[in-house]
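Undergrad: Okay, handing you the structure first.
Protein chains: 2
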Amino acid sequence: MNRYWRLDRHPQGTDFAAALTLAEEPLRRPGDGEVLIRNHYLSLDAGTRLWMTSRTDGYQPPLPLGSPMKGLVLGEVVASRSPGVNPGDLVRAFGQWADHSLLRPEESVLRVLDRSVSDPRQHLGVLGPNALTAYVGLTETAATLPGETVLVSAAAGATGTLAAQIARNMGCRVIGLAGGAAKCRFLLEDLQLAAAVDYKAEDVAARLATLGPIHVYFDNVGGPLLDSVLPNMALAGRVAICGLIATYGAETPTPGPMHFDQVLMKRLTIKGFFAPDFWHRGDEVISRMRAWLDAGQIRMRFDVSHGLDAAPVAYGKLFSGANIGKVLVDLRNG
Amino acid sequence: MNRYWRLDRHPQGTDFAAALTLAEEPLRRPGDGEVLIRNHYLSLDAGTRLWMTSRTDGYQPPLPLGSPMKGLVLGEVVASRSPGVNPGDLVRAFGQWADHSLLRPEESVLRVLDRSVSDPRQHLGVLGPNALTAYVGLTETAATLPGETVLVSAAAGATGTLAAQIARNMGCRVIGLAGGAAKCRFLLEDLQLAAAVDYKAEDVAARLATLGPIHVYFDNVGGPLLDSVLPNMALAGRVAICGLIATYGAETPTPGPMHFDQVLMKRLTIKGFFAPDFWHRGDEVISRMRAWLDAGQIRMRFDVSHGLDAAPVAYGKLFSGANIGKVLVDLRNG
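Sequence lines, in order, name chains A and B.
The first sequence begins at 1 in our numbering and counts up one residue at a time.
The second sequence begins at 1 in our numbering and counts up one residue at a time.
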């Protein structure tokens, strides 16, 4: 039998427990072209929240109700009828929130992983898709230059952590936005950022006015924080929209920033990007990250929950901001 | 004596008559470095509306109350104490809404004009700053390519008319947005656009859904129209924010587009630009426009009022949408 989380309802806000049901079905053997993976870790990512809504104007179609919840997994191949993927391979792919994932490699961005990485969780961390997101967002979308002031929102989250460190390694002055003293301490002490702004305790716009102007805003959040940032952007500044976590739960559109006119007044560029558009740059980016990782110049903190049962609660952390670093569910003893 | 319009109050909405006073003062001779111009035409431009507010987050500081209203003028030099500018020269510069403008060339983008242009008004039209705005917005800000679908708002206005024709001349499929049947007829018949959408009579979002996807939106307006456009943009589409006329009158910030999240979902680029950043490209752009003008491949309709008295009412046309083409005040017999 294979246990899996089934999406039965569109969640209201962050009530994922009411939307998901832990179900089970017989474990099917892979058909032609399919691979069966025993999931070791689930990677929980805020962007997948969009799949849970009924909105059809997202970047991917919503999951039909009654389907297994999808997400990125790290695991070991149990059986394969796909050439180039062999039993025993450590792989990463878009699978299911389940004990096992059955998938087609070409539909799920399957990647056979390097066993020489001492902590395999890094394949979902410093060497994972969040790193590609952070790297292309900074270098390509925002065209960040050394010496610029870079602001990162959700800076203690998985992608934010990486964007902040990559910008720091590029020679930028990096300011992190996060909620709470513990996260801000993490940004200053662990990540060695130039400044940290606690949006729960500070007047963000006023504080940024003392720290800016901001050349690049790497935004994971949208919403009111974006509004506090726009008046503090530098002339010809760039806003890379990586995520809009503030609005993912909405079933209907929400208003854009009140200070939208600063786009004109300051000749800003606001640009959305989507990491899957850049999968072809994965090897290049991962090799760069690997060099930094091996040199101790980039790190990831993991927020690990244990057992498949824990997935909906762990997922909720992404939206309540309870986590520092990458949220994983460890299924190895589940 | 020199008559001039003085900004005495911040206008409420479009009540320019209550905000401006026709005053007069003795005509002063130019001091060292100054030029005195007899104004032949005033160019009325929506962007100058921002100078009339108290807002300090615009792209230029507001005019102090009690100052002469500023604007672009076309006229003849009466006296000059600035090298390179001589009495009798036909010039264009940022002067005053007045019979005469006294200014310093280096502070007012003064340009000595080519007398060989048969209709000198074209120095405020096809060969004027609106053409530079249209050209750099399309080619540089939006990186428009031949064959793309380009949507232009306020397409019957001065800048919109030029943007639409330049895009058409570049080999794009051009859709114009304008209010009213007369303007839409002008777009189809005079400018030969592929389609015209009447925002006063049609459901813009629904109509654009049949005409799109839109690769480039050249936006002069902002506000609700931008909101109708965003869901109809193509993947990786570009929105060049040339103007936000819908919000210029506001003394406080107004909400941004409800469909702002499409920036992420469609990986859009929204980019503001400001023609004065591109003055250095003026010669290049004007020579291109001159070739099209002489070949009959670009045109401008003028909406001309007569006499300095008429300026505030003529200015109001820009905000009520009463004009087709470039709004000028002819002062030659005033």
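Quick reminder that beta carbons are idealized off the backbone N, C-alpha and C, glycines included.
Need the endpoints of the alpha helix (DSSP H) that Gln262/B sits in, please.
TA: Counting along the chain, the alpha helix (DSSP H) containing Gln262/B begins and ends at Gln262 to Met265.
Undergrad: Specify whether the segment 272-281 of chain A and the segment 128-145 of chain A touch according to this definition: at least 3 beta carbon pairs, one from each stretch, less than 8 Å apart.
TA: With the cut-off at 8 Å, the segment 272-281 of chain A and the segment 128-145 of chain A touch.
Undergrad: Output needed in chain order: residues of the segment 173-207 of chain B with a Cβ under 9 Å from some Cβ in chain A.
TA: For the segment 173-207 of chain B, which is checked against every Cβ of chain A, not one residue is closer than 9 Å.
Undergrad: Quick one: using the 10 Å Cβ neighbour count with 16 as the cut-off for buried, is Thr56/A buried or exposed?
TA: Answer is exposed; the Cβ neighbour count stays below 16.
Undergrad: Closer than 9 Å, Cβ to Cβ, to anything on chain A: give me those residues from the segment 69-84 of chain B, in chain order.
TA: Answer set for the segment 69-84 of chain B: empty.
Undergrad: Whose CA, out of Met1/B, Val229/B and Arg49/B, lies closest to the CA of Gly316/B?
TA: Of Met1/B, Val229/B and Arg49/B, the residue nearest in Cα terms is Arg49/B.
Undergrad: Confirm, please, whether the CB-CB distance from Asp45/A to Leu7/A is below 8 Å.
TA: No. Outside cutoff.
Undergrad: With C-beta atoms as the reference, is Ser80/B less than 8 Å away from Val112/B?
TA: Cβ atoms of Ser80/B and Val112/B: not closer than 8 Å.
Undergrad: Residues of the segment 250-277 of chain B in Cβ contact with chain A at a cutoff of 8 Å, in chain order, please.
TA: Result list: Pro253, Thr254, Pro255, Gly256, Pro257, Met258, His259, Phe260, Asp261, Gln262, Val263, Leu264, Met265, Lys266, Arg267, Leu268, Thr269, Ile270, Lys271, Gly272, Phe273, Phe274 and Asp277.
Undergrad: When you compare each of Met69/B, Leu74/B and Val85/B to Pro129/B by their alpha carbons, which one comes out closest?
TA: Here the closest residue by C-alpha is Leu74/B.
Undergrad: How far does the beta strand (DSSP E) with Asn39/B in it reach, from first residue to last?
TA: Val35 to Ser43 is the span of the beta strand (DSSP E), which, as asked, contains Asn39/B.
Undergrad: Suppose you measure from the CA of Val174/B to the CA of Ile324/B; what does that come to, to the nearest Å?
TA: Each residue's alpha carbon lies about 18 Å from the other.
Undergrad: Where Gly243/A and Val204/B are concerned, what is the direct C-alpha to C-alpha distance, given to the nearest angstrom?
TA: C-alpha separation (whole angstroms): 28 Å.
Undergrad: Assign Gln165/B to one of three DSSP states: helix, strand, or coil.
TA: Of the three classes helix, strand and coil, the one that applies to Gln165/B here is helix, per DSSP.
Undergrad: Counting only the same chain and skipping the five closest in sequence on each side, list residues whose C-beta sits under 6 Å from that of Arg238/A.
TA: Answer for Arg238/A: Ala142, Val216 and Thr269, listed in chain order.
Undergrad: Name the residues in the segment 34-66 of chain B whose C-beta lies less than 7 Å from a C-beta of chain A; which are they?
TA: Residues Asp57, Gly58 and Tyr59.
Undergrad: Taking C-beta to C-beta, are Leu110/A and Val91/A nearer than 8 Å?
TA: Against a cut-off of 8 Å, the Cβ pair of Val91/A and Leu110/A comes out as a contact.
Undergrad: Can you find the residues in the same chain that come closer than 7 Å, C-beta to C-beta, to Gln297/A, ignoring five residues on each side of it along the sequence?
TA: Result list for Gln297/A: Asn169, in chain order.
Undergrad: Give me, in chain order, the residues of the same chain whose beta-carbon lies closer than 6 Å to that of Trp292/A; leave out the 5 immediate sequence neighbours on both sides.
TA: Taken in chain order, the residues that qualify are Ile298.
Undergrad: Looking at C-alpha atoms only, which residue of Gly33/B, Gly212/B, His123/B and Met52/B is the closest neighbour of Asn86/B?
TA: Among Gly33/B, Gly212/B, His123/B and Met52/B, the Cα nearest to that of Asn86/B is on Gly33/B.
Undergrad: Run through the segment 127-196 of chain B for me and flag every whole alpha helix (DSSP H) of 4 or more residues, listed as ranges in chain order.
TA: For the segment 127-196 of chain B, whole alpha helix (DSSP H) runs of length 4 or above, ordered along the chain, are 129-136, 158-169 and 181-185.
Undergrad: Checking contacts by CB at 8 Å: is Pro105/B closer than that to chain A?
TA: Not an interface residue.
Undergrad: The alpha helix (DSSP H) that contains Ser320/A, what's its start and end?
TA: Ala311 to Ser320 is the extent of the alpha helix (DSSP H) around Ser320/A.
Undergrad: Please return the same chain residues whose Cβ sits closer than 6 Å to the Cβ of His306/A, not counting the five positions on each side in sequence.
TA: Excluding residues within five positions, the ones whose Cβ falls inside 6 Å are Asp330.
Undergrad: Compute the Euclidean distance between the alpha carbons of Asp294/A and Tyr4/A, then round it to the nearest angstrom.
TA: Approximately 36 Å, taken between the alpha carbons.
Undergrad: Over what stretch of residues does the beta strand (DSSP E) that includes Asp335/B continue unbroken?
TA: The requested residue 335/B does not occur in the structure, where chain B is confined to residues 1 to 334.
Undergrad: Use the C-beta contact count for Met52/B: other C-beta atoms within 10 angstroms, 16 or more gives buried, fewer gives exposed.
TA: Counting Cβ neighbours within 10 Å, Met52/B comes out buried, since at least 16 surround it.
Undergrad: Taking the Cβ atom as the reference point for each residue, do Asn256/A and Gly256/B lie within a distance shorter than 8 Å?
TA: What sits at residue 256/A in the sequence shown is Gly, not Asn. For Gly256/A and Gly256/B, yes; Cβs fall inside 8 Å.
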